[in-house]
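Residue numbers (our numbering): 13 to 445.
Note that CB positions come from ideal geometry on N, CA and C, so glycine has one too.
Since the structure comes first, as structure tokens, the remarks are kept for the end.
Here you go:
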């Protein structure tokens, strides 16, 4: 699905005006390469290296430099790799950083993010083609909001600022989240003036939008009355505050194959449905011959439930709500092999070699910081096969270097683009020894 184009916004001019008030110098500068954050790398007249958002290699641009960074004010020589951004809030919005890059150059850049991380660790590897996992769009979004005497703000954080950028739409979201910004705006409108900022997480589920609010200072009877009105106005499935249910019209359901998972508030979920399906398919492809599978950092269990159609699975995660949701989903799904799911903090209390030895393959899907503590224990075990899913090439490269030094071989990496138009890239890799 192609992102939806919207009419141009005045936000970009406001961004330049605000930035200009903090300007220290203006330079004509030539861009040399594209950095990992989609910023153009260049050398200033004083010899300093700089990174300029919305600038591409081989472009000559006029840039304003200030204590907060740089912006392009004029493109003097345009790159043939530049395309027109499809969102009116780009580049002022901090949500996307790469809408201005042509498809081929964008693909090379995303692959290069992984290659750069591996190179930093002295690792050479082969990468398969980048898999586009945007699908119908992102099924989860966090909007920020506040309210003061001048009105309300609802949207994303601005690029290179701590200010909330008011938006009226986000074309990278799933169409089912089209009302998400209006939901957020109505919630923020309930706040008292100068209430601290709210974080509003909205998730598309099979049964409607699930909403969690963080930052509410007073959730008394008036709040309940007003949030009830919003819930029925937008037909929300559930509203929670700090993971505690306030109102639920129906259970927010996520399907994992034939299994129905009641989504716990704020539990981890792949950003796109397409991305989850692609990852599950790759995991299944590499677990076909396994007799005992260990799923670490399992979350609500999309890998566990898929693998268990054929093979018993032992699963661990530190999120008690996620483990409970997985267990209930497994118990309510017929035809599965045994699943045992337990809560455990794998950073503080990783599984030890004697606990690992019975498994012939481990699926790892750790948070952004990686699985350093658990990796060290795996090296001392008898496990010879690891499927590593990562959302951070830097921590993955660190862990990969440890595994390779310990005797594992890294097979070609599968790069997966779920957070399209951003500098985030996921990957799935297989290690064998």
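Am I right that residue i and residue j are in contact with their C-beta atoms under 8 Å? What's the rounded C-beta distance?
i, j, result
"residue 245", "residue 229", "Between residue 229 and residue 245 the Cβ distance is about 23 Å, and since that is not below 8 Å, they are no contact."
"residue 306", "residue 371", "4 Å"
"residue 212", "residue 157", "7 Å"
"residue 206", "residue 160", "6 Å"
"residue 74", "residue 55", "With a Cβ gap of about 16 Å, residue 74 and residue 55 do not count as contacting."
"residue 262", "residue 220", "7 Å"
"residue 184", "residue 433", "6 Å"
"residue 240", "residue 259", "6 Å"
In three-state DSSP terms, what is residue i?
i, result
"residue 132", "helix"
"residue 42", "strand"
"residue 286", "helix"
"residue 309", "coil"
"residue 325", "strand"
"residue 196", "helix"
"residue 431", "coil"
"residue 371", "coil"
"residue 380", "coil"
"residue 201", "helix"
"residue 36", "strand"
"residue 60", "coil"
"residue 228", "coil"
"residue 31", "With a pLDDT of 48 at residue 31, under the threshold of 50, the modelled position of this residue cannot be trusted, and the question is left open."
"residue 347", "coil"
"residue 278", "coil"
"residue 362", "coil"
"residue 122", "helix"
"residue 389", "helix"
"residue 299", "coil"
Output the boundary residues of the alpha helix (DSSP H) element that contains residue i.
i, result
"residue 410", "405-417"
"residue 332", "332-343"
"residue 235", "233-245"
"residue 420", "Neither: residue 420 is in no alpha helix (DSSP H) and is coded neither H nor E."
Opposite residue i in the DSSP bridges: which residues?
i, result
"residue 250", "222, 260"
"residue 72", "42, 89"
"residue 99", "BP columns for residue 99 are empty, so no partner."
"residue 217", "220"
"residue 138", "Answer by DSSP bridge pairing: none, since residue 138 is not bridged."
"residue 156", "167, 211"
"residue 500", "No answer is possible for residue 500: it lies beyond the span of the chain, which begins at 13 and ends at 445."
"residue 81", "78"
"residue 105", "170"
"residue 94", "113"
"residue 150", "185"
"residue 144", "429"
Identify which residue in the options has its Cα closest to the Cα of residue i.
i, options, result
"residue 280", "215, 133, 270, 39", "215"
"residue 139", "120, 152, 183, 155", "120"
"residue 168", "176, 162, 130", "176"
"residue 243", "284, 397, 283, 198", "198"
"residue 255", "271, 434, 439, 276", "276"
"residue 127", "187, 52, 48", "48"
"residue 396", "365, 240, 129", "365"
"residue 149", "363, 282, 294, 336", "282"
"residue 412", "386, 290, 297", "386"
"residue 103", "300, 82, 394, 323", "82"
"residue 442", "429, 430, 375, 381", "375"
"residue 144", "241, 267, 359, 288", "288"
"residue 107", "57, 142, 303, 154", "154"
"residue 271", "226, 350, 340", "340"
"residue 44", "58, 57, 72", "72"
"residue 382", "363, 134, 359, 391", "359"
"residue 422", "445, 67, 438", "445"
"residue 326", "308, 42, 398", "308"
"residue 172", "64, 147, 166, 141", "64"
"residue 394", "319, 407, 420", "420"
"residue 405", "189, 379, 241", "379"
"residue 217", "329, 284, 330", "284"
"residue 133", "186, 409, 84", "409"
Residue i lies in the beta strand (DSSP E); which residues open and close that run?
i, result
"residue 320", "No beta strand (DSSP E) holds residue 320; DSSP gives it neither H nor E."
"residue 441", "438-444"
"residue 351", "351-355"
"residue 398", "397-402"
"residue 178", "176-178"
"residue 186", "From DSSP, residue 186 is part of no beta strand (DSSP E); its letter is neither H nor E."
"residue 271", "271-274"
"residue 267", "265-268"
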